[in-house]
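Read in order, the letters of the sequence shown are residues 1 to 274 in UniProt numbering. For each residue, glycine too, the CB sits at the ideal point set by N, CA and C. Notes follow the structure.
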Amino acid sequence: MAAPRSISPSVTPQPQAPHQFPLPPILENSSSSPPLLITQGAEGRLYKTTYLTPDLPCALKHRPSKPWRHPTLDQRLTRHRILSEARILAKCRRDGIRVPTLYALDETAGWLMLEWISGPTVRAAINDRLSHVTPQAVEQDATLRHLLSRIGAAIGKLHKIGIVHGDLTTSNLMLSLSSPSLANPDTATHQDAVSLEGDVVIIDLGLASGSMQDEDRAVDLYVLERAFGSTHPRAECLFDVVLDAYRESFKQAPIVLKRLQDVRMRGRKRSMLG
1 MAAPRSISPS VTPQPQAPHQ FPLPPILENS SSSPPLLITQ GAEGRLYKTT YLTPDLPCAL
61 KHRPSKPWRH PTLDQRLTRH RILSEARILA KCRRDGIRVP TLYALDETAG WLMLEWISGP
121 TVRAAINDRL SHVTPQAVEQ DATLRHLLSR IGAAIGKLHK IGIVHGDLTT SNLMLSLSSP
181 SLANPDTATH QDAVSLEGDV VIIDLGLASG SMQDEDRAVD LYVLERAFGS THPRAECLFD
241 VVLDAYRESF KQAPIVLKRL QDVRMRGRKR SMLG
């Protein structure tokens with residue numbers, strides 16, 4: 001197999017060669033570009049490849065079989081999780097939520113073929129912006145506040161249609177950018193780097209589920225709040241901008257935010273008790 005193509009390290013890690021794991025059968029097809037392993041998690045692996053034509057990049061999310069599980073149970077769990085994520089992606093697209101387009105799937109083989117999002121994660125974009133802003137200016141930074149407002153509105157739209165993400169972090173949000181320099185903070189000029197424009201795309205919905213419960217929505221927000229504070233401590237004071245935009249996003253939002261206060265209290269008690 002040909003060596004993986006090189007892509008920007010600011011968007012993805014360097015390729016690992018040779019492949020350390022068996023490839024899903026679809027990636028052994030000669031019509032696909034040589035796959036690049038982007039990341040590996042506990043439940044699956046993400047590859048960059050192409051779909052149908054060499055000039056259509058895509059992301060292939062693969063859930064390999066778990067040898068320590070009973071084969072029948074493993075197959076059922078994999079099938080359930082692939083179909084569940086596919087249904088949620090389809091629902092989000094129907095209702096106008098910006099998520100990766102689903103191109104194809106194989107629930108038996110355990111993979112989803114998804115649109116490749118050209119742009120940085122929100123985590124990388126925020127950190128890049130913070131590197132250009134003095135600590136004293138962070139709280140009043142209009143560019144950063146505008147991005148956080150769009151994030152709050154995107155999460156509100158997701159909750160409005162009855163979906164909770166289950167793992168909201170700034171690593172699971174991306175900016176879809178049309179300009180190559182904007183998509184790569186390492187090659188962007190100072191003017192490019194601070195723009196933070198583009199659609200907020202919600203990714204990695206493997207733990208997402210359908211729920212209209214205010215408690216579930218509040219927990220979703222709490223997970224993001226904790227992740228935001230630990231990942232972007234210099235911008236923690238701006239998280240209220242996310243919540244303000246969320247409050248305006250749908251009718252039930254104020255009730256969810258009130259429930260969030262209860263979730264915070266329970267979280268603090270658990271921290272105190274260990």
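Three CB pairs or more closer than 8 angstroms across the region 202 to 209 and the region 91 to 101: yes
Simplified DSSP state of residue 279, which is helix, strand or coil: Any property of residue 279 remains undetermined from this structure, which presents the chain solely from 1 to 274.
Three-pair Cβ contact test at 8 angstroms for the region 209 to 219 versus the region 156 to 170: yes
Own chain, CB closer than 6 angstroms to leucine 144, minus 5 neighbours either side, in chain order: Arg129
Reference isoleucine 255, options Glu225, Ile97, Glu215, closest by Cα: Glu215
As assigned by DSSP and simplified to three states, the class of leucine 60: strand
Exposure label - cysteine 58; buried when at least 16 CB within 10 Å: buried
Exposure label - residue 301; buried when at least 16 CB within 10 Å: One cannot answer for residue 301 here, as it falls past the ends of the chain, which runs 1 to 274.
Pair within 8 angstroms by beta-carbon distance, leucine 175 and valine 122: yes
Local conformation of threonine 72 per DSSP, three classes: helix
Assigned secondary structure, glycine 206 (DSSP; H/G/I helix, E/B strand, else coil): coil
Residue(s) in a DSSP beta bridge with tryptophan 116: Tryptophan 116 is not bridged to any residue.
Minimum length 3: unbroken beta strand (DSSP E) runs contained in the region 82 to 154: 102 to 106, 111 to 115
Supposed contact pair proline 24 and alanine 109 - C-beta distance, whole angstroms, cut 8 angstroms: 6 angstroms
Distance between beta carbons of serine 249 and lysine 160, contact taken as under 8 angstroms: 7 angstroms
Beta-carbon gap between arginine 45 and leucine 37 smaller than 8 angstroms: yes
In DSSP terms, what tyrosine 47 is bridged to: Leu37, Leu60
Methionine 174 in three-state terms, based on DSSP: strand
Residue environment, methionine 265, which counts as buried when at least 16 other CB atoms sit within 10 Å: exposed
Whole-angstrom distance between aspartate 244 and leucine 177, CA atom to CA atom: 25 angstroms
When Ala42, Tyr51, Ile82, Gly152 are compared against glutamate 28, the one with the closest alpha-carbon: Tyr51
Own chain residues within Cβ distance below 6 angstroms of glutamate 85, not counting five before or after: Leu205, Gly206
Which residues DSSP lists as bridging valine 164, in chain order: Ser209
Span separating the alpha-carbon of lysine 251 from that of glutamate 197: 27 angstroms
Which listed residue (Ile82, Ala142, Arg98, Ser149) has its alpha carbon closest to that of aspartate 199: Arg98
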